[in-house]
Amino acid sequence: MPDWLDAKTFDEAMKVMVITFDFVFGGPGFGEPASHEMNKLRAGTLLKTWINDMKAMISQNNETYKAIFYSAHDTTIIPLLRIFDVKDKLLPNLADPDFVANVVLELWKKDDGSYVVKAFYYPNSIAGTINFTSMISGCPPTDECPFDIFVNRCKSYLPDNIDLECLPKV
C-alpha cells in the first residue's frame, strides 16, 4: 500500500466503496431510497421465470419435476432479497452474500389443494438455513406465503419486456 494510505483513510474509502456498490445495485444511499426500477431490472427476470415455472407446475399438476435450479451471482441475489424486503435483515451493515450463498423458493401443495411458497436463504456452506418467508413484506408472518399473495406482492417487479426496459430513458 502507498505510504499515504493509513488505516483510517483506508477504512473511510472502504465505507464509501460499500455504500456506492450497494447503491449501484439498487440499495438506498446518498439521500435516495432503494431503487424499485434497478431491483426490477437486476432480479425481476429471474423472479418472473421462477413464478412462471411455478404457475406451469400448478396448471399442469406437474408431478415430473421436483426441483428446478437457477444459478445467479451476488449481483442478482442482492436485488432479489431487496425485492422481498429482507436484504437488510439477512445481510445487515451493507454486507454482501458469500460466494456460495443461495436463495431457494419452494412451491408446496397443501392438503386442501391450495399452493404456498416457502423462501429460504443459505448464507454459506457452514451456516444453517434461514426460512425468511415470514419476513417477506406483504406475506403473512408465517413460514409459508399463499402463492397468489406471493405473486401479487412481486408483480410490480416482473418486467414486461426486459430488453425495452433496460434501454436508456430519453
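So the number in the numbering used here is just where the residue sits in the sequence shown, counting from 1, plus 791.
Beta carbons: idealized from backbone N, C-alpha and C, even for Gly.
- Query: If you check the beta carbons only, do Lys846 and Tyr948 fall under 7 Å apart?
  - Reply: no
- Message: Just to confirm before moving on: does the CB-CB distance between Ser994 and Val891 stay below 7 Å?
- Response: The shown model of the chain, from 792 to 961, leaves out residue 994, and the question about it has no answer.
- Message: Could you check whether Gly820 and Ser826 sit closer than 7 Å to each other, using their CB atoms as the reference points?
- Response: no
- Message: Taking DSSP's pairing of strands, which residues face Ala910 in a bridge?
- Response: Leu896
- Helix, strand or coil for Ile921 per DSSP? strand
- Message: Can you tell me whether Glu935 is buried or exposed? The criterion is at least 16 other CB atoms within 10 Å of its CB, across all chains shown.
- Response: buried
- Task: Kindly indicate which three-state DSSP category Glu935 falls into: helix, strand or coil?
- Result: coil
- Report the rounded CA-to-CA distance for Lys880 versus Arg873, giving the unit in angstroms. 10 Å
- Would a C-beta distance cut-off of 7 Å place Lys909 and Thr920 closer than the cut-off? no
- Query: Quick one: Cα of Glu828 to Cα of Tyr856, how far?
  - Reply: 32 Å
- Pick from Lys946, Thr840, Ile842, Pro888 that is closest to Phe812, judged by C-alpha positions: Pro888
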